[in-house]
Amino acid sequence: MHFKAIILDLDNTLYAYAPCHHEALAAVSGVMAKELNLSKQTVAQTYEQSRSEVHRILKGSASSHNRLLYFQRMLELLKVRPFPLAGKLYKLYWEAFIEKIELSNGVVELLLWGKKQNRKFAVLTDLTADVQHEKIIRLGLSDYIDILVTSEEVGFDKPHPSMFQACLRKLGLSARDVCMIGDDLEKDIYGARNQNITGYWITEHLTAVPKTSDVKTYGTFQELYENIRG
Numbered sequence: 001m002h003f004k005a006i007i008l009d010l011d012n013t014l015y016a017y018a019p020c021h022h023e024a025l026a027a028v029s030g031v032m033a034k035e036l037n038l039s040k041q042t043v044a045q046t047y048e049q050s051r052s053e054v055h056r057i058l059k060g061s062a063s064s065h066n067r068l069l070y071f072q073r074m075l076e077l078l079k080v081r082p083f084p085l086a087g088k089l090y091k092l093y094w095e096a097f098i099e100k101i102e103l104s105n106g107v108v109e110l111l112l113w114g115k116k117q118n119r120k121f122a123v124l125t126d127l128t129a130d131v132q133h134e135k136i137i138r139l140g141l142s143d144y145i146d147i148l149v150t151s152e153e154v155g156f157d158k159p160h161p162s163m164f165q166a167c168l169r170k171l172g173l174s175a176r177d178v179c180m181i182g183d184d185l186e187k188d189i190y191g192a193r194n195q196n197i198t199g200y201w202i203t204e205h206l207t208a209v210p211k212t213s214d215v216k217t218y219g220t221f222q223e224l225y226e227n228i229r230g
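Per our numbering, the sequence shown starts with residue 1, numbered consecutively.
As structure tokens, then:
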């Protein structure tokens, strides 16, 4: 492998997002059921509505992923004053989420191999910096990740070119010297390709895999690691 650095997506690539989200939303539902006498179904539906509204308004920015905005909008839709419950739900959501988070098989092996080969590792991720820092620490990746770029610091989500360019600047490398590993075909793989960065598409945690003939897929991170290692 000739790459000097490997850029990693975080969410749903290094760990499975869905179980963490479901655990976090269940914790939120429990509090809302107790304090507002709402069913889990109502909580889930209102959450999705608020999430969709926030995404529509803030599309393409890190703020579109801010759970505090989701919970604030949820309470507004329910005609409930958001203070202090929105903040309480935000804290509870991420505590439950991060408690559940678990590194995918094969990730540690890739990181250990890469470090022995003097490769650098960067995480290139949407969402806000504070939450992503917590995930990286919880996953035990602090000693392996050299560079972090979040959409909060750049101002745009992937696949905006600025995200990839910011990562290359921090690494001090050119596009030909790095590769990108991610689960999102449009954001990670095509976003990287548009910047002349080689992409490796991992589908392990996807519920549905988009059909494409121009990208090789890897069913698990372990499979991807074995291929990259050679």
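Backbone N, C-alpha and C fix where the C-beta goes; we use that ideal spot for every residue, glycine too.
Residue i in three-state terms, based on DSSP
{"i": "residue 90", "result": "helix"}
{"i": "residue 190", "result": "helix"}
{"i": "residue 122", "result": "strand"}
{"i": "residue 218", "result": "strand"}
{"i": "residue 46", "result": "helix"}
{"i": "residue 181", "result": "strand"}
{"i": "residue 103", "result": "strand"}
{"i": "residue 200", "result": "strand"}
{"i": "residue 166", "result": "helix"}
{"i": "residue 2", "result": "coil"}
{"i": "residue 80", "result": "coil"}
{"i": "residue 161", "result": "helix"}
{"i": "residue 38", "result": "coil"}
{"i": "residue 64", "result": "helix"}
{"i": "residue 144", "result": "coil"}
Residue i classed as buried or exposed, judged by whether at least 16 other C-beta atoms fall within 10 angstroms
{"i": "residue 46", "result": "buried"}
{"i": "residue 160", "result": "buried"}
{"i": "residue 182", "result": "buried"}
{"i": "residue 59", "result": "exposed"}
{"i": "residue 104", "result": "buried"}
{"i": "residue 57", "result": "exposed"}
{"i": "residue 41", "result": "exposed"}
CB of residue i within 8 Å of CB of residue j, strictly
{"i": "residue 110", "j": "residue 228", "result": "yes"}
{"i": "residue 217", "j": "residue 209", "result": "yes"}
{"i": "residue 13", "j": "residue 202", "result": "yes"}
{"i": "residue 156", "j": "residue 195", "result": "no"}
{"i": "residue 178", "j": "residue 3", "result": "yes"}
{"i": "residue 136", "j": "residue 123", "result": "yes"}
{"i": "residue 166", "j": "residue 152", "result": "no"}
{"i": "residue 97", "j": "residue 24", "result": "yes"}
{"i": "residue 191", "j": "residue 158", "result": "yes"}
{"i": "residue 141", "j": "residue 80", "result": "no"}
{"i": "residue 73", "j": "residue 50", "result": "yes"}
{"i": "residue 54", "j": "residue 69", "result": "yes"}
{"i": "residue 5", "j": "residue 173", "result": "yes"}
{"i": "residue 28", "j": "residue 127", "result": "no"}
{"i": "residue 121", "j": "residue 8", "result": "yes"}
{"i": "residue 15", "j": "residue 147", "result": "no"}
Residue span of the beta strand (DSSP E) that contains residue i, given as start and end
{"i": "residue 148", "result": "147–150"}
Residue i: first and last residue of the uninterrupted alpha helix (DSSP H) it sits in
{"i": "residue 131", "result": "129–138"}
{"i": "residue 67", "result": "67–77"}
Contact test: residue i Cβ vs the ligand COA heavy atom, cutoff 7 Å
{"i": "residue 173", "result": "Looking at this structure, you won't find the ligand COA or any other ligand, since it has none at all."}
At 3 residues or longer, what runs of the beta strand (DSSP E) sit wholly inside the region 4–31?
5–8
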